[in-house]
Amino acid sequence: MTDTDLLIIGGGITGQTAALMAAEAGARVTIVDAARNAGSHANAGSLHVQMQSRFLRLNPHLADNLESSLPLYLSAVTAWEALDTRLGGVELTREGGLMLAENAAQLDFLHQKAERETRKGLDVEILDRDALHALAPWLSPQIVGAELCRNEGKLNPLIANRKMRAALDVLGVRMVHDRITRIEDGTTPTAHGTRAYTAGAILIAAAWGAEALSAPLGLSLTTPPEPLHMNITEAGDYQIHHLVQHAERPITLKQFRSGQVVIGGGWDAQLAADVTRAPRIQSSSLLGNVALAAQIAPGIGGLRVLRTWAGYNTPVDGKATIGPVHPQSRVFLALPGDAGYTLGPIVGQSAAAMALGAEPPIDPAPYSPVRWRA
Ligand SMILES: Cc1cc2nc3c(=O)[nH]c(=O)nc-3n(C[C@H](O)[C@H](O)[C@H](O)COP(=O)(O)OP(=O)(O)OC[C@H]3O[C@@H](n4cnc5c(N)ncnc54)[C@H](O)[C@@H]3O)c2cc1C
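Okay, so the sequence shown: first residue is 425 according to my numbering, each after it adds one.
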């Protein structure tokens with residue numbers, strides 16, 4: 425008799441949605457997590473679908489990975505809508521996302537991007553200045569156009585994370601605080617931390633921790649943590665309905681129903697010396713990030729920043745990794761790649777289904793860990 429049917433390493437959104445699905449299917453599920461530093465507890469609640477300019481700028485060599493993943497992003501939003509219903513509402517709205525341009529070169533970049541995204545089934549359109557300002561009158565006049573992606577949206581992760589945890593408690597999912605240092609594959613796979621955990625299957629949903637756990641299993645994936653900065657303001661009038669990004673500058677901007685504005689978009693934080701501890705904020709990121717937000721949406725300039733924080737993003741190679749470490753293995757990977765809060769549920773559910781021998785909700789073949797085999 426094993427300790428549990430499914431042992432999930434990592435208690436972020438990916439591990440938690442995997443646990444929810446498995447427990448609802450009747451499995452005994454245990455989540456082991458080393459520390460409360462998950463990106464899932466630090467993120468901004470953007471439901472991304474269009475290709476993020478920041479990722480393309482920083483990783484031009486991975487653009488094909490991101491582009492080929494666009495159908496997964498569409499499935500991810502559908503998965504979040506189902507989760508919104510399942511959890512009794514997480515303030516999910518889908519009023520679309522705007523990627524802003526301030527000059528002709530940026531608009532040209534958006535035109536080319538939109539063409540590629542349309543071919544992948546996204547509902548996108550380039551808006552000229554008049555159409556954009558009619559839709560978003562709070563924008564600065566310096567913004568000359570935008571790409572509108574109607575598939576995008578936002579949710580409130582503070583609500584989603586709290587409700588998810590409550591749902592897992594009701595289902596009897598065990599939460600264990602431990603750091604797994606080694607996994608033994610086999611018919612009864614075993615994870616080793618301060619004690620040994622035997623399981624019917626093991627799911628690695630450990631984001632930045634996946635590299636060290638999967639290397640001894642023959643995979644050469646790299647998962648460096650990317651410490652990022654976030655801010656939230658006091659409440660203002662609710663006027664920003666879209667998820668807002670920029671074609672060239674590091675910004676994401678959105679407003680919760682409370683009227684609070686959540687500002688982020690890839691400003692640096694500092695890596696902790698020990699990865700089990702939370703990353704630290706940088707004052708230069710705080711100032712730069714909120715100043716840029718106020719340039720784009722001058723009306724929020726008077727709002728006070730209530731809180732600023734940092735968390736670990738794990739973009740991997742811009743493409744999800746879903747499936748067993750090798751075809752016969754009982755150890756599975758569930759790594760969203762970039763935009764992990766958006767992709768976490770569909771990735772977690774798909775990997776959990778495979779671990780339980782059920783049909784995953786998407787075709788996992790394009791996301792197989794086979795590309796990481798040494
Ligand atoms: C500031 C910020 C804002 C973001 N905003 C957005 C956004 O708006 N939209 C979006 O889609 N994405 C966003 N992201 C990205 C997103 O938050 C993450 O990619 C996503 O949460 C990843 O979820 P996960 O469950 O896969 O991993 P995580 O949430 O990172 O969880 C991994 C967990 O694994 C645990 N772990 C690691 N190694 C071990 C080990 N050896 N043993 C035990 N436990 C281990 C860690 O303690 C951690 O809790 C943001 C990220 C940051 C940092």
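The C-beta atom is built at its ideal place from N, Cα and C for all residues, glycine as well.
This structure is a prediction, so every number in the text was calculated from the model and none was measured.
Quick one: grab the DSSP three-state call for residue i.
i	result
D593	helix
T509	helix
K678	strand
K743	coil
N655	strand
A558	helix
R731	strand
D547	coil
H465	helix
P748	strand
L524	strand
H616	strand
M599	strand
E783	coil
L695	coil
Y662	coil
E672	coil
N737	strand
T542	helix
V501	helix
T438	helix
V755	strand
V771	helix
R797	strand
T428	strand
I628	strand
I604	coil
Q684	strand
Going by beta carbon distance, what residues of the same chain come within less than 6 Å of residue i, once the five residues before and after it are set aside?
i	result
D547	R574, N575
A776	A442, M445, A446
D429	A451, R452, G624
A798	G642, S644
A671	S477, M523, A525, Q530, F533, L534
L595	A447
Give me the Cβ distance between residue i and residue j, rounded to the nearest whole Å; I'm assuming they're in contact under 8 Å.
i	j	result
Y765	N467	4 Å
P613	R754	5 Å
G436	A631	6 Å
I724	G660	6 Å
P703	L695	6 Å
A693	P651	4 Å
V749	P793	6 Å
A629	I432	6 Å
Near residue i, which residues of its chain fall below 7 Å by C-beta distance, leaving aside the five closest residues on each side in sequence?
i	result
A487	L480
L572	G520, L522, V548, E549, L551
G617	V456, D602, R603, I604, T605
H666	E519, G520, G521, L522, A560
A779	L430, A625, L627, F756
K578	G469, S470, L471, T517, L667, K678
E505	L516
L496	A744, L767, I770, I786
L727	T657, E658, G660, V685
T622	T426, D427, T612, T614
R553	V568, G569
R673	L716
Hey, out of the options, whose CA is closest to residue i's CA?
i	options	result
T426	E539, A625, I786, V600	A625
N483	D741, G772, A758	D741
K537	P561, D552, A570	A570
K544	E491, A525, V594, A734	E491
T745	A789, I705, R728	A789
K587	I705, P751, L507	L507
Y608	V600, A629, S638	It should be noted that the sequence gives Glu, not Tyr, for residue 608. Of V600, A629, S638, the residue nearest in Cα terms is S638.
V501	A763, Y791, A782	A763
I705	T732, N489, D698	T732
A620	A629, V600, A636	V600
P751	G610, A503, A636, D554	G610
L556	I664, A503, T676	I664
T646	E539, Q440, R681, T738	T738
Cβ-heavy atom distance between residue i and ligand 2 below 7 Å?
i	result
M654	Ligands in the displayed structure: ligand 1; ligand 2 is not one of them.
Kindly list the residues whose CB is nearer than 8 Å to the CB of residue i, restricted to its own chain and excluding five residues on each side of it in sequence; keep chain order.
i	result
D787	none
A591	L444, R510, L511
G735	N461, A462, G463, H465, A466, N467, P651, L652, M654, A693, A702, P703
L494	V473, M475, E541, K544, G545, L546
_contact_flag[the region 581 to 588, the region 505 to 519] where n(CB pairs < 8 Å) is 3 or more_ = With a cut-off of 8 Å, the region 505 to 519 and the region 581 to 588 count as touching, because enough Cβ pairs lie within range.
*asked:* Within 8 Å, do at least three Cβ pairs link the region 699 to 711 to the region 744 to 762?
replied: These segments do not touch.
_contact_flag[the region 446 to 460, the region 565 to 573] where n(CB pairs < 8 Å) is 3 or more_ = Because the criterion of three Cβ pairs below 8 Å is not met, the region 446 to 460 and the region 565 to 573 do not touch.
*Counting pairs of beta carbons, one from the region 767 to 775 and one from the region 647 to 662, are three or more of them closer than 8 Å?*
Fewer than three pairs of CB atoms, one per stretch, sit closer than 8 Å, so the region 767 to 775 makes no contact with the region 647 to 662.
*When the Cβ atoms of the region 468 to 479 are set against those of the region 679 to 696, are three or more pairs found closer than 8 Å?*
Verdict: yes, contact present.
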